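A quick write-up on the structure given underneath.
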Amino acid sequence: MKKSVKIILAAVLLAAACAAFPFVRSLSDEALLRKPEDEVYAKMCRLDTDRLIRKINRIEKKYPDMSDKAALLPLYTALTERSSEFTADQLIAQIRQEETRPGIEEAFVNMYAAEGYDSAGMLALLDDPETAEETKEYITAHCNLTPDELCGIFRGSDGRPAVIAIQRLAAEDSEAAMQLVDEFVSGAPENISDQKYIAICLGIAQYYEEHTGPEDVASMKDIYIPMMKTIFENGKSDLVRDQAVYALGRLCDYDLFAWLIGNGNIDQYCKISVIERNYRQMKTWIAAAKSEDDIRAVLDAMQIMPTLEIADALEEAITQGSLPESADLRSLIETVRAKGVHAVDKYD
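See the structure below:
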């Protein structure tokens, strides 16, 4: 009888241990992520590559909403240092595997780039509907891509990759970016998606922040400002309209600034963003003004976002005699001083 009891007890304990094993393993992973980075890295370096990949995938799957992704950096580092162990095809195959999680996909993309493999494999992943959207964004942002390849990504995608592609293109080859914008603007606007509209607005704004010559300013005023006003007026969503306002606000043109501040269809939050963006330019406009009418939009902006430094600029213009004093102007300055805030001078 005693022997039977022992056997039954052992069986019960074994079953309990088996049932508890996944929980124990979960605690082990959680405990690992709480250790110092150098200790985690050292432990991961002792694992063979296949086991390391399985461990990273398991942790990512187990904690899909992990807020602190930095905890996984030692694991990704241990993996990316082994990039020479993989051929280009092997890395592409790893990314395509169903069980591969988004974070480790980015690590494989880094490994592909680190080995200097050609971009064809990455471009194929961008065209593959099975590739995770996060991975497509990462490829577009971080891989070594030519201007022609970035143009192709913009033409062929409607999501965040299109936005990233036009931003990179505007920074690396602004002429190509503007040609690409022209291509879409001259087409049928009803066929352009919201994301494509947003990408176009961002690309135009970045271009004209970098190109301020007379010909550029003329084309901005004659072609692209009217086009972006149309995007705002015909925008199919609030997101498109807000992005159009954001892009227009970056152009620092007085007539455009006046249009934005005086437009009743633009909400106050967007107008505040425009005022912040044009803080330095408002001071320039005040210094050059000969009358209140020359800076009417600036005075209207102070009703929306009273800014102490603008009150100082107005006071200085009156003192120097370039701007005539009036009761209304003096009243506005006093109101701004009483209710105003300091400028948000965060834009170069």
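Take the sequence shown: its position 74, counting from 1, is numbered 62 in our numbering, and each next residue is one higher. Note that CB positions come from ideal geometry on N, CA and C, so glycine has one too. Every value quoted in this text rests on a predicted model; they were computed, and no experiment measured them.
Determine whether the beta carbon atoms of residue i and residue j lie at a separation below 7 Å.
i: I263; j: A305; result: no
i: C131; j: A158; result: no
i: L40; j: M32; result: yes
i: A187; j: A129; result: no
i: D76; j: Y51; result: Per the sequence shown, the amino acid found at residue 76 is Ala instead of Asp. No, the Cβ-Cβ distance between A76 and Y51 is not below 7 Å.
i: V169; j: G191; result: yes
i: T65; j: E93; result: no
i: I154; j: F142; result: yes
i: C189; j: Q256; result: no
i: A235; j: A193; result: yes
i: I219; j: L244; result: no
i: D210; j: Y267; result: no
i: E103; j: S71; result: yes
i: Q78; j: F96; result: no
Check residue i in the structure and name its three-state DSSP category.
i: V332; result: coil
i: T37; result: helix
i: T218; result: helix
i: T134; result: coil
i: A4; result: In this predicted model, A4 has a pLDDT of only 41, less than 50, meaning its place in the structure is not dependable; the value taken from the coordinates is given anyway. Three-state DSSP puts A4 in a helix.
i: T119; result: coil
i: T88; result: coil
i: T295; result: strand
i: P10; result: Confidence is the limiting factor: at P10 the pLDDT is only 39, short of 50, which leaves the residue's position unreliable, though a coordinate-based value still follows. Helix.
i: T272; result: helix
i: L(-3); result: Reliability of the predicted coordinates at L(-3) is poor, the pLDDT of 42 falling under 50, and the value obtained from them is presented with this limitation in mind. Three-state DSSP puts L(-3) in a helix.
i: T323; result: helix
i: T200; result: coil
i: C240; result: coil
i: S174; result: coil
i: G147; result: coil
i: K278; result: coil
i: F245; result: helix
i: K23; result: coil
i: Y51; result: coil
i: N253; result: coil
i: D230; result: helix
i: L15; result: Model confidence at L15 stands at a pLDDT of 40, short of 50, so the residue's coordinates are unreliable and nothing is read from them.
i: L311; result: coil
Report the rounded CA-to-CA distance for residue i versus residue j, giving the unit in angstroms.
i: A8; j: E25; result: Interpretation of A8 is limited by its pLDDT of 38, a score under 50 that renders its predicted location unreliable; the figure taken from the coordinates is listed afterwards. Rounded to whole angstroms, A8 to E25 spans 28 Å at the Cα level.
i: L287; j: Y126; result: 44 Å
i: L249; j: I283; result: The amino acid at residue 249 is misidentified as Leu; the sequence shows Ile. So the alpha carbons of these two residues sit roughly 12 Å apart.
i: Q291; j: V329; result: 12 Å
i: A164; j: P135; result: 7 Å
i: I80; j: S16; result: 30 Å
i: R84; j: E118; result: 8 Å
i: S207; j: A108; result: 36 Å
i: G147; j: T323; result: 45 Å
i: D281; j: C240; result: 18 Å
i: K217; j: E160; result: 26 Å
i: G223; j: G252; result: 16 Å
i: A315; j: I254; result: 30 Å
i: V28; j: L60; result: 9 Å
i: V12; j: E18; result: Its pLDDT being 32, under 50, V12 is placed unreliably by the model, and the measurement read from it follows with that caveat. Going from the Cα of V12 to the Cα of E18 covers about 10 Å.
i: L374; j: K43; result: Lying before the first or after the last residue shown, residue 374 is absent from the chain, which here runs from -11 to 336.
i: S319; j: Q269; result: 23 Å
i: G201; j: L317; result: 34 Å
i: D115; j: E73; result: 26 Å
i: L133; j: A120; result: 19 Å
i: K327; j: H199; result: 37 Å
i: K278; j: E313; result: 11 Å
i: I152; j: S225; result: 20 Å
i: I321; j: C258; result: 23 Å
i: T37; j: L113; result: 23 Å
i: R265; j: Y242; result: 12 Å
i: L302; j: E203; result: 32 Å
i: Q308; j: E221; result: 41 Å
Throw me the rounded Cβ distance for the residue i and residue j pair, which I believe falls under 8 Å.
i: Y185; j: S162; result: Not really, about 19 Å apart at Cβ, beyond 8 Å.
i: N98; j: T68; result: 5 Å
i: V233; j: D182; result: About 15 Å separates the two Cβ atoms, so there is no contact after all.
i: R22; j: E48; result: The pair is not a contact, with the Cβ atoms about 17 Å apart (cut-off 8 Å).
i: A347; j: A285; result: This structure cannot speak to residue 347, because the chain is shown only from -11 to 336.
i: I260; j: M215; result: The Cβ separation is near 25 Å, so there is no contact.
i: E197; j: R238; result: 6 Å
i: E137; j: L111; result: 7 Å
Item to complete: Would you check if there are 3 or more beta carbon pairs closer than 8 Å linking the region 266 to 282 to the region 293 to 309?
Response: Judged by Cβ distances under 8 Å, the region 266 to 282 makes contact with the region 293 to 309, as three or more pairs qualify.
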